[in-house]
Amino acid sequence: MIAKSLDELENWVTQWKSEKKRVVFTNGVFDILHAGHVDYLQKSKALGDVLVVGMNDDASVRSLHKGPERPINPQEARAFVLDALKCVDAVIIFSDYTPLAVIKATLPDVLVKGGDYDPEISDPSNKQFIVGSNEVRRHGGVVRTIPLVDGFSTTGLVNKLKNQS
Numbered sequence: 412m413i414a415k416s417l418d419e420l421e422n423w424v425t426q427w428k429s430e431k432k433r434v435v436f437t438n439g440v441f442d443i444l445h446a447g448h449v450d451y452l453q454k455s456k457a458l459g460d461v462l463v464v465g466m467n468d469d470a471s472v473r474s475l476h477k478g479p480e481r482p483i484n485p486q487e488a489r490a491f492v493l494d495a496l497k498c499v500d501a502v503i504i505f506s507d508y509t510p511l512a513v514i515k516a517t518l519p520d521v522l523v524k525g526g527d528y529d530p531e532i533s534d535p536s537n538k539q540f541i542v543g544s545n546e547v548r549r550h551g552g553v554v555r556t557i558p559l560v561d562g563f564s565t566t567g568l569v570n571k572l573k574n575q576s
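Every position in the sequence shown, counted from 1, becomes a number in the working numbering once 411 is added.
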């Protein structure tokens, strides 16, 4: 399901929590979906009952300095592909630089990021800080990281394609 608004997602999360389901949240760009993404999302889902994926909108992807050609796929297409994955229960497109507003609104039971982040860092100015981790922990949730799959990155794929042309 692709949430049309943060209010709609909040309603879904409230329902899932009332059913005693463990809500997991992760986020990213997910521009060109690859095996590393699928592995990461499947492992994220395994940490709970419901996986919510926050996805950067096109403007916020550009603000992340991923390169002038990014995103390659528009936000609607990226959300459609994520939503089609069996392990993903909900997708929300967010426009901020970070998903902090989504995390604060939903307060997931588990917040997940890739292994290039450090769940022990509580200083938001640190590059490896997981946005929303302090808020999730304050409300009894946990923060986890999942190792990245070597050899898979969207930036790597984009560079490989550039070099072949």
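From the three backbone atoms N, C-alpha and C, an ideal C-beta is built for every residue, glycine too.
Quick caveat: nothing in here was measured; it's all calculated off a predicted structure.
Residue i in three-state terms, based on DSSP
i	result
G447	helix
N438	strand
L518	coil
A457	coil
L462	strand
S489	Sequence inspection shows Arg at residue 489; the Ser mentioned does not correspond to that position. R489 falls in the helix class under three-state DSSP.
L472	Note that residue 472 is Val in the sequence shown, not Leu. Residue state, collapsed to three classes: helix.
Chain-order list of residues whose beta-carbon lies under 7 Å from that of residue i (same chain, five-residue window excluded)
i	result
C498	L452, Q453, K456, L462
A470	S506
E421	A516, T517
V560	A446, G447, D450
H550	L518
Segment limits, alpha helix (DSSP H) that includes residue i
i	result
T425	417–429
A414	Element bounds for A414: n/a, residue is neither H nor E.
V499	Where V499 is concerned, there is no enclosing alpha helix (DSSP H), given that its DSSP letter is neither H nor E.
Where the beta strand (DSSP E) containing residue i begins and where it ends
i	result
R433	R433 -> no beta strand (DSSP E), and no H or E assigned at all.
F540	Note, F540: premise wrong, no beta strand (DSSP E); not H, not E.
V554	553–557
Residue i to residue j span [Cα, whole Å]
i	j	result
T437	A501	11 Å
I413	H445	20 Å
P558	F540	16 Å
V554	A512	17 Å
K399	D494	Beyond the ends of the chain as shown, which are 412 and 576, falls residue 399; an answer cannot be given.
E531	E419	31 Å
Nearest-angstrom beta carbon gap, residue j and residue i [assumed within contact, 8 Å]
i	j	result
V435	V523	6 Å
P479	D442	Not quite, the Cβ-Cβ distance comes to about 13 Å (not below 8 Å), so this is no contact.
Own chain residues within Cβ distance below 6 Å of residue i, not counting five before or after
i	result
N467	V440
Close Cβ partners of residue i (< 8 Å) along its chain, the five nearest in sequence each way excluded
i	result
S533	F540, S544, N545
K432	G459, D460, V461
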